[in-house]
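The next block holds one structure in the form of structure tokens; read it before the comments.
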Amino acid sequence: MAMAWEQGELFPKASEQEIQRTKFLLGKYTSMISLMRDFEENEQDLKQVAIDGEVARRIDQEDLHADKTANATIMIEKQRWVYQQYKFYTTQLLRAWGLIQDPDEKRAVEYRYIQGYSPKETVLFFRHSMSDSTIRRKIDDGVKSMANSLKLMGFFEQDNADF
Numbered sequence: 073m074a075m076a077w078e079q080g081e082l083f084p085k086a087s088e089q090e091i092q093r094t095k096f097l098l099g100k101y102t103s104m105i106s107l108m109r110d111f112e113e114n115e116q117d118l119k120q121v122a123i124d125g126e127v128a129r130r131i132d133q134e135d136l137h138a139d140k141t142a143n144a145t146i147m148i149e150k151q152r153w154v155y156q157q158y159k160f161y162t163t164q165l166l167r168a169w170g171l172i173q174d175p176d177e178k179r180a181v182e183y184r185y186i187q188g189y190s191p192k193e194t195v196l197f198f199r200h201s202m203s204d205s206t207i208r209r210k211i212d213d214g215v216k217s218m219a220n221s222l223k224l225m226g227f228f229e230q231d232n233a234d235f
């Protein structure tokens, strides 16, 4: 898929859809990190559970005599693929976060998405230094900055190629 940049455009702007995709992935960031950590720490246990468990037997509900070992292998490969996707997403998100120029935007995005605090907790944390609307604007501007960086890195083309 070719990049849709205008002629002479050195720094492309992310579309609204790309900004929303960035916000969605940021919302899932802490969950992805937790699942990646769990996979890294328990990969052997997950393999054994897949082999021993009933889930492998029931991958295809129509097949009453499924090969449990083959199905377990499919499940393990799927778990590994999900892990690799999460690793790619979280690495790219951190790179884009690191490129945010405004320190207030960077701190607000970090607190809200990277550390995983709720919108209310984020507003309360920054309330002494900024107004509620300023905090929300800093978060939105930080997400737009990240989406622009991700577009420049070719993230969205890679992301669309996977699906």
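For the sequence shown, the working numbering begins at 73 and goes up steadily by one.
Glycine included, each C-beta is placed from N, C-alpha and C at the ideal position.
Note that the coordinates shown come from a computational prediction; the quantities given were computed from them, not determined experimentally.
Practice task
Round the Cβ separation of residue 197 and residue 185 to the nearest angstrom and send it over; I've been treating them as touching at under 8 Å.
Solution key: Actually they do not touch by this definition, with Cβ atoms about 13 Å apart.
Practice task
Given a cut-off of 8 Å, decide if residue 164 and residue 222 are closer than it, judged by their beta-carbon atoms.
Solution key: yes
Practice task
For the segment 202-229, list the alpha helix (DSSP H) runs that are entirely contained and at least 4 residues long, ordered along the chain.
Solution key: 204-225, all fully within the segment 202-229.
Handout entry: Extent of the continuous alpha helix (DSSP H) to which residue 83 belongs
Key = Unbroken run through residue 83: none, as it is neither H nor E.
Problem - Simplified DSSP assignment, three categories, for residue 129 - result: Because the pLDDT at residue 129 is just 49, under 50, the model does not fix this residue reliably, and the point stays unresolved.
Practice task
Just mark residue 216 as buried or exposed, buried being the case when its beta carbon has 16 or more other beta carbons within 10 Å.
Solution key: buried
Practice task
Please name the residue, chosen from 150, 170 and 180, that lies closest to residue 205 on a Cα-to-Cα basis.
Solution key: Checking every option, the nearest Cα to that of residue 205 belongs to 180.
Problem - Beta-carbon gap between residue 218 and residue 155 smaller than 8 Å - result: Not in contact: residue 218 and residue 155 (Cβ atoms no closer than 8 Å).
Practice task
Indicate whether residue 101 and residue 162 have their beta-carbon atoms separated by less than 8 Å.
Solution key: yes
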